[in-house]
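Structure first, then comments.
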Amino acid sequence: MNGPVTMIQNPEDKNDEKKFTFDYSYWSHDGSKEQPDGYHAQDPSHPNGKKFADQKKVFNDLGMGILTNAWEGYNSTLFAYGQTGSGKSWSVVGYGINRGIVPQFCEKIYQGIDEKLAGGEKTEFEVTFSMLEIYNEQVRDLLDIKTRRGGLRVRQHPKGGFYAENLKIVPVRSYNDIESKIEEGTLNRTVASTNMNATSSRAHTIVGITLVQKFVNAAGEETTKSSVINLVDLAGSERADSTGATGDRLKEGAAINQSLSCLGNCIAALAEKSSGKNTRVPFRDSVLTKLLKNALGGNSKTIMIAAVSPADINFDESLSTLRYADRAKQIKTTATINEDPTEKLIRELQEENEKLKAMLGTGTMTVMKDDDEELTEEEMAKLKAELEEEYKSRLEANERERLEMEKTFEERLKEAQAQGGMGTAGLAELAEKKKTVPHIYNLNMDPMLTGHIVRFLEKPEVKLGKGSDCDILIKGPSIAETHGIFQKEGNKYSIEPVEATLRIMRNGKAVVAKTPLTHNDRLIFGSTQYFVYVNPEEQKASKEKYPEITYEYAQEEIAKKSGFEFENKTRDDALLQEDITEILPAVEEANSISDELDKKMKFEIMIVSPEARGELKGRTEVMVRVINLETKHEWIWPRQKFLNRKFIMQEMYQNHLEGEEWDLPEAKDPFAEDYEAEFHIGSVKFWLQSLAYLIESKEQLEVTDFKGQEVGLLNVECIPCNEKGKEYSENDDVFVDDPKELVGKQVCFNMKVLNARGLPNKFTDIYAKYLVYHEVKYVETNKVKNTSNPDWNHAYLYKNPRADEEFIDYLCTSAIMIQIWGKQKPPKKKKQVNTHTAMLASVAQKGQTADIANTNTKRFDAEKVKYMMESAMLRKRQAQMEIRMKSMKRMLDLAEQHKKKKLSTSLIRSIYNAPNADAAEKCLKMIEKEKDDSDDDSSSDEEDKKKEKKKEKKKSVARPKTPPKSGRSIKSTSSEKKSGFCVLL
């Protein structure tokens, strides 16, 4: 970096040097020194100390410019771009005391407010704050836990541009408020570790700050000046081989690169447009470019920070970033001061009306289009013929809107009160009427919106639906022209669907015929319209204490009635029920949208244990089974994947209702799925306890699918062996009584996945994979095509050179989870079906729980295989012990038969450890030949007895005593002659 010039040199060719000139070029790689408080400032002793740019310098150069724009009423945007690990988040957000542009900007804006108020300026200031992230093309609100788990929709504003619908925008009254919100958002950002960055941002983060200044202008009129500031920390561009990303990290990286590529395409197109070319700008190609449309090419002053890495291995990425920034600086935006929006809108309506009158008078139609929209001459001619009537209605609507906006607040308030609207008198009248007249009111996931829609039941018969002749109008997926009818019977009402197939639910149960209603009943029409029935007279007459009804209450009720109720909840059960409560209405809505758009796809909830997912541990999770009604192919979606797609489905449906182009290409269609995608057919849990005793295990086990149902059999073996893979047989003395004997020893075994039998015949390219102990890479068999009985004959040699207690405990208590994967065979011919008809047939088959694939979470018994294999191992151990006991008993019998008083320990050990009966018999035959020294002394013992008798006789005749003959008086045993021990029998 040299002033505003940045130079980059190719490490493989020192003569290949490129220069780029920007407004500022900062060096922050080295040349800094950490001060006692942790702040990184210039280090005068370092060669690069003078050119080191600290956080304060960057803010003074860039952040202060944004702040100045905000005070003047201009929209401003700053975004940081570059590869992962290059320092974008450091510049935009910062860490600790090294605060980036965002916290410094927030602090300065309140310092400015305080200074202006202290100087006597008669201005009212309003500051609002929002923070969102775009993760895998899904918009999440970082300040709202609900939308952080789900997502937001990106909508097009009627006056141009895009915005995130229902984004939580909070008023902030001080710098401390904003700082806490920043911290809250930062702590919940999506980050993950890669080889290049331990805290790599896996999502684009957008901090939105709005400054509104209300004051009296020189003409004495109250006016408003506003500024929208977007501070954007983009996720890092990356190469998969550099980051080492796999699995979810790899998918995230692909989504990041795709959105950044779209951003690059927009920047390139805007640069060409600034040079005079008529180029289409593809803002709609990604969520990121939609939201940044106004910042890049509209009413905003925009700054781009291009962060590059000085490492030579990152030359290609750094050069690409600099070229990216060089294109961006060619873009020209036209920023204007944001005046009072009401005054501006009135003027624009007047101008547009004049244009419309002129076009209608001359018969000249002008087609208005966005920057990113292209129309052929033929399409334009066709549109002109259709627009005349639209222009007339627009002229009338604009005039009504203009006149309405010119009215003062007091005039509008009086009109509302006169019409019984939302004035004070109107609200009071509404409250009184609710106390006496039966009615229904809405439930909404946002508690602030619950009860805002009230519809009274005053006629003997009240029709409900989306048709114009209905008394109560409701719209949404699966709502018919006339959906249901309320009928009065005495002082109460009943509800009845016009057709039995139309979805109405009362207190979590389907209504298929005329059903009486009671006070506080929960009603659901279609898949999204939630209401509560209120009968004031019944409430007064009853002594019952009615519970408070919320949106969550109604959802939990449906879950319980569908079979998802947990008694004595554990923490995992509570989390599972929360997920079920969230996903049930989403599945219903997705099915309704699929029905109305005729997308041929059906969705069902699944409760999936970790074993059914092919995992050794974890909690039971909610997943979604997706079925193609034409081909009968199916896929299993994780909860988050389904929710992400559901928001796109909602957007498609909304566009459909509004008459806009709603269908998407297959690559972006949320209903489309790849037939070539690998499918998890099922899993087998193979317990290893027998290995802890060095006993082989050969089993045929059930393969169970996501629903816990058997879908085939797997033949698998696990055989102890030496380090070269030679398997131990019964003749090898390796069996241990206690697994602890293996600690410190080498333990090896052959894991064999031989074949599978009876798998579903709709799969091909079938293979098995598994993990052993702490290994991170799956061991896979070969893939076998076009058979439901694949033979793999797979063997894998596992070696543990020195077993420790953790490994022995793993063998005793854990298992290897073998997953069976394959691809679904492509459809031969699609059977043309109507989504609505197919859905109805499914409901008729399965009842009203058609959206639930499996309600019994205990169908798959995770312990069944463990007990079965443990039983087999115990039988083998028992058989081994029986051989030993029989051998020991026969040893005693033979010893008595051959009058053996003692046997050597070596012989006894050989008999005890004999691996089978034949080996034991060979050892037992050696008992007869075993010498214990008692054989040589048997005759002398008899003689000794006779001599004793003679002595007694001699004593009786008083014969004098004589000394005994020479010889041993005490017989020495073999233990005295030989080293070691013996057993006395």
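Letter 154 of the sequence shown, counting from 1, is numbered 134 in this note's numbering, and no numbers are missing. For glycine and all other residues, C-beta sits at the position ideal for the given N, C-alpha and C.
*Figure out for me which residue from Lys742, Cys701, Glu595 and Pro645 has the closest Cα to the Cα of phenylalanine 686.*
Comparing Cα-Cα distances from phenylalanine 686 to each of Lys742, Cys701, Glu595 and Pro645, the minimum goes to Glu595.
*asked:* So threonine 561 and glutamate 532 are supposed to be a Cβ contact under 8 Å. How far apart are they, rounded?
replied: Between threonine 561 and glutamate 532, the beta carbon gap of about 7 Å places them in contact (Cβ cut-off 8 Å).
*Whose CA, out of Thr767, Pro151, Asn766 and Tyr747, lies closest to the CA of tyrosine 758?*
For the residues Thr767, Pro151, Asn766 and Tyr747, the minimum Cα distance to tyrosine 758 belongs to Tyr747.
*Please name the residue, chosen from Tyr526, Pro457, Lys523 and Thr550, that lies closest to tyrosine 510 on a Cα-to-Cα basis.*
The candidate whose alpha carbon is nearest that of tyrosine 510 is Pro457.
*Measure the beta-carbon distance from methionine 632 to leucine 623 and round it to whole angstroms, keeping in mind my assumption that it falls under 8 Å.*
Not really, about 15 Å apart at Cβ, beyond 8 Å.
*With DSSP collapsed to three states, give me the class of leucine 42.*
Here leucine 42 sits in helix by DSSP.
_Exposed unless 16 or more other CB atoms sit within 10 angstroms - verdict on lysine 626_ = In the assembly as shown, lysine 626 is a buried residue. Its beta-carbon has 16 or more other beta-carbons within 10 Å.
*Nearest to glutamine 860 by CA position, among Ala783, Pro770 and Leu674, is which residue?*
When only C-alpha atoms are compared, the closest one is Leu674.
*asked:* I'd like to confirm the pairing. Which residues does DSSP put opposite cysteine 1003 in its beta bridges?
replied: Coverage of the chain is limited to positions -19 through 965, which leaves residue 1003 absent and any answer about it impossible.
*Report the residue ranges of all beta strand (DSSP E) runs contained in full by the region 37 to 93; include only those spanning at least 3 residues, in chain order.*
Taking only runs of at least 3 residues, the beta strand (DSSP E) segments lying wholly in the region 37 to 93 are 56 to 62.
_Here's the rule I'm using: 16 or more other beta-carbon atoms within 10 Å means buried, otherwise exposed. How should leucine 482 be labelled?_
Classification of leucine 482: buried, given that the 10 Å Cβ count is 16 or more.
*Out of Glu517, Ile661 and Glu646, state which residue places its alpha-carbon closest to the alpha-carbon of aspartate 654.*
Out of Glu517, Ile661 and Glu646, Glu646 has the C-alpha closest to the C-alpha of aspartate 654.
*DSSP three-state assignment for isoleucine 317, whether helix, strand or coil*: In this structure, isoleucine 317 counts as coil in the three-state DSSP scheme.
*In three-state DSSP terms, what is isoleucine -12?*
Strand, per DSSP.
*asked:* Below 8 Å, how does it come out for the region 236 to 250 and the region 19 to 31: are there three or more Cβ pairs, yes or no?
replied: With the cut-off at 8 Å, the region 236 to 250 and the region 19 to 31 do not touch.
*Counting pairs of beta carbons, one from the region 768 to 776 and one from the region 725 to 742, are three or more of them closer than 8 Å?*
Contact between the region 768 to 776 and the region 725 to 742 is present, because at least three Cβ pairs lie under 8 Å.
*Among Ala818, Thr761 and Ser12, the one whose alpha carbon lies nearest that of glutamine 35*: Checking every option, the nearest Cα to that of glutamine 35 belongs to Ser12.
*In the structure shown, what three-state DSSP assignment does tyrosine 6 receive?*
The three-state reading of DSSP puts tyrosine 6 in coil, since its state is none of H, G, I, E or B.
*asked:* Report the CB separation of valine 691 from valine 683 in whole angstroms; it is logged as a contact under 8 Å.
replied: The Cβ separation is near 5 Å, so the contact holds.
*With alanine 818 and leucine 609 assumed to form a contact (beta carbons below 8 Å), what rounded beta-carbon distance in angstroms separates them?*
The beta-carbon separation of alanine 818 and leucine 609, rounded to 4 Å, stays under the 8 Å limit for a contact.
_Beta-carbon contacts of glutamate 450 that lie in its chain and below 7 Å, excluding the five residues immediately before and after_ = Note on identity: in this sequence residue 450 is cysteine, with glutamate being the wrong assignment. Closer than 7 Å at Cβ, skipping near neighbours: Lys443, Leu444 and Thr462.
*Report the rounded CA-to-CA distance for threonine 223 versus threonine 767, giving the unit in angstroms.*
Only weak support is given to the placement of threonine 223: the predicted model assigns it a pLDDT of 42, under 50, and the value that follows is read from those uncertain coordinates. Threonine 223 and threonine 767 have their C-alpha atoms spaced approximately 38 Å apart.
_Under DSSP, the alpha helix (DSSP H) around valine 567 begins and ends at which residues?_
Start and end: 551 to 577.
*asked:* Do arginine 307 and alanine 251 have their beta-carbon atoms positioned less than 8 Å apart in this structure?
replied: Yes, they are a contact pair.
*asked:* Taking the straight line between their C-alpha atoms, what separation do you get for histidine 816 and asparagine 116?
replied: Rounded to whole angstroms, histidine 816 to asparagine 116 spans 31 Å at the Cα level.
_Proximity of valine 588 and glutamate 601 at Cβ, strictly below 8 Å_ = Cβ distance < 8 Å, so valine 588 and glutamate 601 count as in contact.
_Simplified DSSP assignment, three categories, for alanine 215_ = In the structure shown, alanine 215 sits in coil (DSSP, three-state: anything other than H, G, I, E or B).
*Can we say the region 297 to 307 touches the region 71 to 91, given the rule of at least three CB pairs closer than 8 Å?*
Under the 8 Å Cβ criterion, the region 297 to 307 does not count as touching the region 71 to 91, having fewer than three qualifying pairs.
*Return the CA-CA distance between lysine -6 and arginine 153, expressed in angstroms with no decimal places.*
Distance between lysine -6 and arginine 153, taken at the CA atoms: about 55 Å.
*Determine the DSSP secondary structure at methionine 865, reduced to helix, strand or coil.*
Per DSSP, reduced to three states, the secondary structure at methionine 865 is helical.
*Please confirm whether glycine 43 and glutamine 91 have their CB atoms less than 8 Å apart.*
Taking C-beta atoms as the reference points, glycine 43 and glutamine 91 fail to come closer than 8 Å.
*Sort Ala672, Leu694 and Ser663 by Cα distance to lysine 678 and report the nearest one.*
Ranking Ala672, Leu694 and Ser663 by CA distance to the CA of lysine 678 puts Leu694 first.
*Got a sec? Which residues, its chain only, sit under 6 Å from isoleucine 607 by beta carbon, not counting five neighbours each side?*
Hits under 6 Å: Lys582 and Glu614.
*Return helix, strand or coil for threonine 204, following the three-state DSSP convention.*
Correct three-state label for threonine 204: strand.
*For glutamine -11, which residues from the same chain have a beta carbon less than 6 Å from its beta carbon, with the 5 sequence-adjacent residues on both sides left out?*
In chain order, Glu(-3) place their CB closer than 6 Å to the CB of glutamine -11, counting only its own chain and leaving out the 5 sequence neighbours on each side.
*Cβ of isoleucine 888 versus every heavy atom of the ligand SAM: is any distance shorter than 7 Å?*
Ligands displayed in this structure: none; no statement on the ligand SAM is therefore possible.
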